[in-house]
Structure formats: structure tokens, C-alpha cells
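For the sequence shown, the working numbering assigns the number -3 to the initial residue and increments by one for each residue that follows.
Using N, Cα and C, we set each Cβ at its ideal position, and we do this for glycine too.
Only a predicted model underlies this, so the values are computations on that prediction, with no experimental measurement involved.
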Amino acid sequence: MEKHVLEEVSKLQSEQNVLGVLVSDTKGLCVFSSGEVTPGISGHITFIANQLSKLDKHDSYPTIVLKSDNKSCLIKGCENSCVYVLYQNK
-3 MEKHVLEEVS KLQSEQNVLG VLVSDTKGLC VFSSGEVTPG ISGHITFIAN
47 QLSKLDKHDS YPTIVLKSDN KSCLIKGCEN SCVYVLYQNK
């Protein structure tokens, strides 16, 4: 994995309330996962990011936030990857 991606993932993992981080490639293959994130969801995460990127012509890589009562997740597509972060709600 590229050095700058590893640095960003390391920063994310150290944030308070982060339960896990997943990075997938553009085909949905898991490149990295840690914490409570299951690597098997990487294809689903990439699919969600790809589908929602079609909604806005001006933002190819929107930030997607999904929330439940206990947890939240953030999905961010990028040019060559997709990042998923799972948070514990405060």
C-alpha cells in the first residue's frame, strides 16, 4: 500500500471512538482492515461508494455517512481506493 495511505490509516486508527478501518481497491478487494471491520464487506463498501458517486456530477467522490443508534460509518471513495471507518457513537 502507498506510504501516504498507510499514514492516513494510522491517523484514523488513533482517533478516539474509531472501532475499525478498511481500505479497498477499485474492484472491491480488501487492501487493509483493522479493528472490528470484517474484510469481507469491502466489495459492498466499494459498491456503495461507486453507486453514490453517480448522484452528483460535481463531486466524483462524495463522503457517505451512515448512522445507527450505537455506531456510525464513514465511506469515502478515492481515485484508486475506498476508505471505510467505523465509529462508536458518543
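Cross-strand partners of residue i (DSSP beta bridge)
i   : result
T59 : K72
V79 : V19 and K72
K53 : DSSP lists no partner for K53.
Chain-order list of residues whose beta-carbon lies under 8 angstroms from that of residue i (same chain, five-residue window excluded)
i   : result
K86 : N13
N76 : D21 and T22
K67 : L15, L82, Y83, Q84 and N85
V33 : L15, G16, V17, L18, Y80 and L82
Own chain, CB closer than 7 angstroms to residue i, minus 5 neighbours either side, in chain order
i   : result
G36 : none
L8  : V14, V17 and V81
A45 : I60, I71, G73 and C78
Nearest residue (CA-CA) to residue i, options the options
i   : options               : result
Y80 : T59, H0 and D65       : T59
L18 : I41, K63, S56 and L51 : I41
F43 : D65, L25 and E3       : L25
S30 : K50, V5, L48 and Q47  : V5
Boundaries of the alpha helix (DSSP H) in which residue i is found, first to last residue
i   : result
V5  : K(-1) to S10
G39 : S38 to L48
Residue span of the beta strand (DSSP E) that contains residue i, given as start and end
i   : result
V27 : C26 to G31
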